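Just so you know, the sequences run in chain order A and R. Just so we're aligned, residue -17 is where the first sequence starts under our numbering, counting upward by one. Just so we're aligned, residue -17 is where the second sequence starts under our numbering, counting upward by one. In this text, a Cβ means the ideal position worked out from N, Cα and C, and glycines have one as well. Model, not experiment: these values are computed from the prediction.
There are 2 protein chains.
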Amino acid sequence: MVIKEGKLRFIGVVEHADELSKVRIHSEFCSGLKSLNDFSHVIILYWFHLRDNKKERSTLQVVPRRHPGAPQVGVFSSRSPSRPNPIGICVTELVKIEECTLTVKGLDALESSPIIDIKPYIPRADSVPDARAPGWVLCGPPT
Amino acid sequence: MVIKEGKLRFIGVVEHADELSKVRIHSEFCSGLKSLNDFSHVIILYWFHLRDNKKERSTLQVVPRRHPGAPQVGVFSSRSPSRPNPIGICVTELVKIEECTLTVKGLDALESSPIIDIKPYIPRADSVPDARAPGWVLCGPPT
Chain A
-17 MVIKEGKLRF IGVVEHADEL SKVRIHSEFC SGLKSLNDFS HVIILYWFHL
33 RDNKKERSTL QVVPRRHPGA PQVGVFSSRS PSRPNPIGIC VTELVKIEEC
83 TLTVKGLDAL ESSPIIDIKP YIPRADSVPD ARAPGWVLCG PPT
Chain R
-17 MVIKEGKLRF IGVVEHADEL SKVRIHSEFC SGLKSLNDFS HVIILYWFHL
33 RDNKKERSTL QVVPRRHPGA PQVGVFSSRS PSRPNPIGIC VTELVKIEEC
83 TLTVKGLDAL ESSPIIDIKP YIPRADSVPD ARAPGWVLCG PPT
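In structure tokens, the structure reads:
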């Protein structure tokens, strides 16, 4: 049997987006943050809510526009918000946690973006400093 | 307005899970793989389909069982498959692409897991070799 669809319940929202961003976790999910302070970095999964429509979710190739000189590539070869499932992931520095609100540095998400998940950053699983990437990803912002 | 839910359409499936795993992208999404070969590593987002039930999705704290000595922590401080949105992410080495099938090394997903997204691994955004993590994550498997 091939499973075709899944359902997400958003666990929070980007309350403020800037160099330091505020991510508020809804109170019913807040106890899931226990001990997150033991990690210096977290991976945030969020929903590109402005791209959650048929046109953007049918896009399969893009010219990454924030990267001058980028060729047309598949959406799975880019971090474009236009993709079949409009999920963004971002590695951020965890600055502090106050009650249910995280202050993070380096979150590339718009204000009001729904939050899907928070995961601890684990260097031995997640860090590959010498991974190979094409030249165009070095121009413009990190993603 | 707070957006509460989102809908996923799965783009592929884990066809074989081992040291080298095979991930088949459904044909209608296959053109999204253009130029993925330019990257040595990819981030795979998949669905923990066996945990997609009310009990597992209500779990907010766990004792990570593959990590001896781990304390009880919030699910957002762990990579546990029991969590509100059963999404796994895994950084894998891209060994080869044949038509719509990726061969990858290091995928920690069960056979038949639906695939949600593929993203290129970009070291300057994704690699933080010196991120701090508590001692218990060093025992057992990487995640």
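- The continuous stretches of alpha helix (DSSP H) do not include Asp34 of chain R, and DSSP gives it neither H nor E.
- One Cα belongs to Cys12 of chain A, the other to Glu80 of chain A, and the distance between them is close to 11 Å.
- Annotation: Arg114 of chain R is outside any alpha helix (DSSP H) and is labelled neither H nor E by DSSP.
- At least one CB atom of chain R sits nearer than 7 Å to the CB of Tyr103 of chain A.
- Annotation: Ile79 of chain R has no Cβ neighbours in chain A at a cutoff of 7 Å; minimum Cβ distance is about 10 Å.
- Cβ neighbours of Thr83 of chain A within its own chain (closer than 8 Å, five residues either side excluded): Glu(-3), Lys4, Val5, Arg6 and Ile7.
- Here Gly51 of chain A has Trp118 and Cys121 as same chain residues with Cβ atoms under 7 Å from its own Cβ, once five neighbours each way along the sequence are excluded.
- C-alpha of Asp108 of chain A to C-alpha of Ala113 of chain R: approximately 10 Å in a straight line.
- In terms of beta-carbon proximity, His23 of chain A lines the interface with chain R, with at least one pair separated by less than 7 Å.
- For Asp108 of chain A, the enclosing alpha helix (DSSP H) begins and ends at Pro105 to Asp108.
- Taking the beta carbon of Arg6 of chain A as reference, no residue of chain R falls within 8 Å; the closest one sits roughly 10 Å away.
- Put simply, the CB of Pro116 of chain R is near chain A, with a gap under 7 Å to one of its CB atoms.
- Taking all protein chains shown into account, Asn67 of chain A has 16 or more neighbouring C-beta atoms within 10 Å of its C-beta and is therefore buried.
- In this structure, the CA atom of Lys37 of chain R is about 17 Å from the CA atom of Ser60 of chain R.
- When 9 Å is used as the limit between beta carbons, Arg61 of chain A is near these residues of chain R: Lys101, Pro102, Ile104 and Ala107, in chain order.
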